[in-house]
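Asks: So in the numbering used here, the last one in the sequence shown is 284, and the numbering has no gaps at all. Glycine included, C-beta positions come from ideal geometry on N, C-alpha and C. Here the structure is a predicted model, which means the values were calculated and not measured.
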Amino acid sequence: MENFKILEEKENPLFNRREIKFSISAEITPSHQEVEDFISKKFSTQVEAIKIKGIHGSFGSKTFAINANIYKTREDLEKTEPKQKEKVKPE
């Protein structure tokens with residue numbers, strides 16, 4: 194991932210988080226895990242305290258717009274974000 198550019202960054206003290214929108218260039222659509230690792234390095238935060246809201250790309254373009262929330266702690270993330278259903282493991 195290269196050509197990192199912050200489009201919007203907003204501090205939200207009510208939820209103890211930073212809301213960021215940025216764009217990156219990549220050959221293929223980056224996975225959520227790759228984006229979380231990238232954000233964690235760029236903003237010096239824990240991977241567990243990051244919630245990726247969306248990765249959006251245009252057809253034929255190598256630029257992707259990413260929306261993410263960076264929480265102060267894992268507990269703040271768990272209090273605020275809706276819970277995800279766990280996948281049932283086949284037996």
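Apart from the five residues just before and just after Ala-289, which ones in its own chain have a Cβ nearer than 8 Å to its Cβ?
Replies: In this structure the chain extends from 194 to 284, so residue 289 is not present and cannot be described.
Asks: Starting from Thr-256, trace the beta strand (DSSP E) in both directions and tell me its first and last residue.
Replies: Per DSSP, Thr-256 belongs to the beta strand (DSSP E) from 256-264.
Asks: Buried or exposed for Arg-267, going by 16 or more other Cβ atoms inside 10 Å?
Replies: Answer is exposed; the Cβ neighbour count stays below 16.
Asks: Spatial neighbours of Glu-289 within its chain, please: C-beta separation below 7 Å, excluding the five flanking residues on both sides.
Replies: Nothing can be reported for residue 289: it is not among the residues displayed for the chain, which extend from 194 to 284.
Asks: In the structure shown, what three-state DSSP assignment does Ile-217 receive?
Replies: Correct three-state label for Ile-217: strand.
Asks: Which residue wins for smallest C-alpha separation from Glu-201, given the options Asn-209, Phe-208, Leu-207 and Lys-214?
Replies: Comparing Cα positions, the closest option is Lys-214.
Asks: What residues match up with Glu-202 in a beta bridge as DSSP calls it?
Replies: Ile-213.
Asks: For Lys-234 and Pro-283, what's the separation of their Cα atoms in angstroms?
Replies: Each residue's alpha carbon lies about 35 Å from the other.
Asks: Closest to His-249 by C-alpha separation, out of Pro-206, Ile-221, Thr-273 and Phe-208, would be which residue?
Replies: Minimum Cα distance to His-249 is reached at Ile-221.
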